[in-house]
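**Student:** Residue numbers (my numbering): 1262 to 1626. Ideal Cβ positions, reconstructed from N, Cα and C, are used throughout, including at glycine.
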C-alpha cells in the first residue's frame, strides 16, 4: 500500500467490532455486498491483463470521485505485500480470493501482479469496494449488530453514486450480470456473523445448520467461503438472488430467519445458565486463566478461548471486561495483525509466543 495514502490504524476498533446495536450479544456484524460489472468489458477472469488494467483505472476514478468518505484509502493489491493483503482479509475488507489469486504465468485468471485494488472508507472501514475480484466491483457495507436494513440503505446510495459515472452490465431480462450465475439478478449478498456457543454446547448447532441449508442459505466460517467456524462464529447468508427483489431478501433475513436463530441461541444460553451453570462458569474461568497466564497460544486456541470469554461476558460471569474488548482481541490475535502491531514478521512458533504475550498484557489491564 503506497505510503502517500492514508493508512489503516491496525489497533483501532473497526465498525463491525463495536459490540453494539440490535442483538449484538449474538450478531457480531451485518454485511451487505453488491456485485457489479462494466458493460462491454470481459469479466476479470475472462479478460486479459490489459482489460483488467483498464477496468481498474476506470473503477478507481469512479470510486475516488464518488465522495464515499472524507478520508478514502486506496490500496493497489498487486503492489501490496502478502502480509498487507492478509491483514485486509483479517479485517474483512477483501476476500481471500482477492488476496491470493493465481500465479502470473499459471492457469488463466488474475495473478499476483495483475491489476486489482480496494477502496476503504476511513476511519470506521464501514464501506469498502473491491475492484477486479470475481467481478469488476464488489461493494460492501458492514456494521455492528443486526443492521441489514441500515447496510442496505447505505450501499444503495454508494451504488447509485458509482452508477452515475459507470455503465453497468445489465440485462432487462436477468438483471445485473455477474461472473457467477448465482449472483445474477440483484447481485446481492446479505450476511450476518453469528456467535453461537450456546447451540454448540447444547448439541443443536448441526440442526440449525441443516435448517439453514434447507432454506437455501449458506453457512460459512469466520472468513466466509472456504473457512472454518473459528470460535463458534458462523456466517449466514443468502445464496441466490435471481427471481427475488432486494426487499424480499432483506425481509426474509432480517425480519424472519435471523431473529429466529438469535432466539434459538438465547434459549440455549438460558438453558445452560440454568441447568449447567457450574460447568459453564468453569469453562469460562479456565479460559480466562489460560489467556491470563499461557506462554504459547495458537490462533485457533485463542479464538476458542475468547469465544468462551465472550459468552462469559454476555452471561454476566465476567464483569470486568467489555464485549467490544473481546471482539477486538479476536482481530488482534490473527497472524497478520499480530505481526503488524508488533512491527516484525514472525514464523508460526514466534507468533504463538507473541500472541500469548499480547493476550496477557491486554487482559491484565
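#1: Return the first residue and the last residue of the beta strand (DSSP E) that residue 1405 is part of.
#2: Mapping the DSSP letters down to three states, classify residue 1450 as helix, strand or coil.
#3: If we call anything under 8 Å between Cβ atoms a contact, is residue 1574 one with residue 1582?
#4: Within 8 Å, do at least three Cβ pairs link the region 1551–1560 to the region 1618–1625?
#5: Relative to the alpha-carbon of residue 1292, which residue among 1377, 1511, 1579, 1563 has its alpha-carbon at the smallest distance?
#6: Under the rule that 16 or more other beta-carbon atoms within 10 Å means buried, what is residue 1499, buried or exposed?
#7: Ordered along the chain, which non-local residues of its own chain (more than five positions away) have a Cβ less than 6 Å from that of residue 1429?
#8: So, under 8 Å CB-CB, residue 1480 and residue 1491 are touching, yes? Tell me the CB distance rounded to an integer number of Å.
#9: Is the beta carbon of residue 1388 sitting closer than 8 Å to the one on residue 1419?
#10: Can you grab the Cα-Cα spacing for the pair residue 1275 / residue 1442, in whole Å?
#11: Inspect the beta-carbon positions of residue 1278 and residue 1552 and report whether they are closer than 8 Å.
#12: From the DSSP output, in three-state form, read off residue 1280 for me.
#13: Are residue 1287 and residue 1527 touching if we call contact CB-CB under 8 Å?
#14: Counting only runs of 3+ residues fully inside the region 1448–1536, write out the beta strand (DSSP E) ranges in chain order.
#15: Out of 1606, 1398, 1341, point me to the one whose CA is closest to residue 1300's CA.
#16: Could you check which residue in 1413, 1337, 1344 has the C-alpha nearest to that of residue 1601?
#17: When DSSP labels each residue in this structure, what does residue 1568 get in the three-state scheme?
#18: Since residue 1494 and residue 1454 are thought to touch, with beta carbons under 8 Å apart, how far apart are those beta carbons, to the nearest angstrom?
#19: Since residue 1392 and residue 1320 should fall inside the 8 Å C-beta cutoff, what is the C-beta to C-beta distance between them, to a whole number of angstroms?
#20: Give me whichever residues DSSP pairs with residue 1431 in a beta bridge.
#21: Using 8 Å as the threshold, is the C-beta distance between residue 1522 and residue 1469 below it?
#22: Near residue 1312, which residues of its chain fall below 7 Å by C-beta distance, leaving aside the five closest residues on each side in sequence?
#23: Would a C-beta distance cut-off of 8 Å place residue 1409 and residue 1514 closer than the cut-off?
#24: So residue 1395 and residue 1377 are supposed to be a Cβ contact under 8 Å. How far apart are they, rounded?
#25: Are the beta-carbon atoms belonging to residue 1382 and residue 1333 less than 8 Å from one another?
#26: Just to confirm the assignment, what range does the alpha helix (DSSP H) spanning residue 1545 have?
#27: Per DSSP, which one or two residues make a beta bridge with residue 1378?
#28: Going by CA-CA distance only, name the one from 1460, 1346, 1407 that's closest to residue 1379.
#29: Based on DSSP bridge pairs, tell me the residues matched to residue 1296.
#30: Can you tell which of 1534, 1608, 1617 has the C-alpha that lies nearest to the C-alpha of residue 1567?
#31: Assign residue 1347 to one of three DSSP states: helix, strand, or coil.
#32: Helix or strand or just coil, what does DSSP make of residue 1275?
#33: My understanding is that residue 1405 touches residue 1524, with C-beta atoms under 8 Å, so please give their C-beta distance in whole angstroms.
#34: Along the chain, which unbroken stretches of the alpha helix (DSSP H) at least 4 residues long are found entirely within the region 1300–1328?
#35: Looking at the structure shown, is residue 1607 part of a helix, part of a strand, or coil, going by DSSP?
**Tutor:** According to the structure shown:
#1: 1398–1405
#2: Secondary structure of residue 1450 (DSSP, three-state): strand.
#3: yes
#4: yes
#5: 1511
#6: Its Cβ being crowded by 16 or more others within 10 Å, residue 1499 is buried.
#7: 1297
#8: Contact flag wrong, Cβ pair sits at about 14 Å.
#9: yes
#10: Answer to the nearest angstrom: the Cα atoms are 32 Å apart.
#11: no
#12: Residue 1280 falls in the coil class under three-state DSSP.
#13: yes
#14: 1449–1456, 1478–1481, 1494–1499
#15: 1398
#16: Ranking 1413, 1337, 1344 by Cα distance to residue 1601 puts 1344 first.
#17: helix
#18: 6 Å
#19: Here residue 1392 really is in contact with residue 1320; their C-beta atoms are around 4 Å apart, less than 8 Å.
#20: 1437
#21: yes
#22: 1302, 1303
#23: yes
#24: The Cβ separation is near 11 Å, so there is no contact.
#25: yes
#26: 1538–1554
#27: 1337, 1392
#28: 1346
#29: In the DSSP output, where bridge partners are listed per residue, residue 1296 has 1399.
#30: The shortest Cα separation from residue 1567 among 1534, 1608, 1617 belongs to 1617.
#31: Collapsing the DSSP output to three states places residue 1347 in a helix.
#32: Residue state, collapsed to three classes: coil.
#33: Between residue 1524 and residue 1405 the Cβ distance is about 20 Å, and since that is not below 8 Å, they are no contact.
#34: 1310–1326
#35: coil
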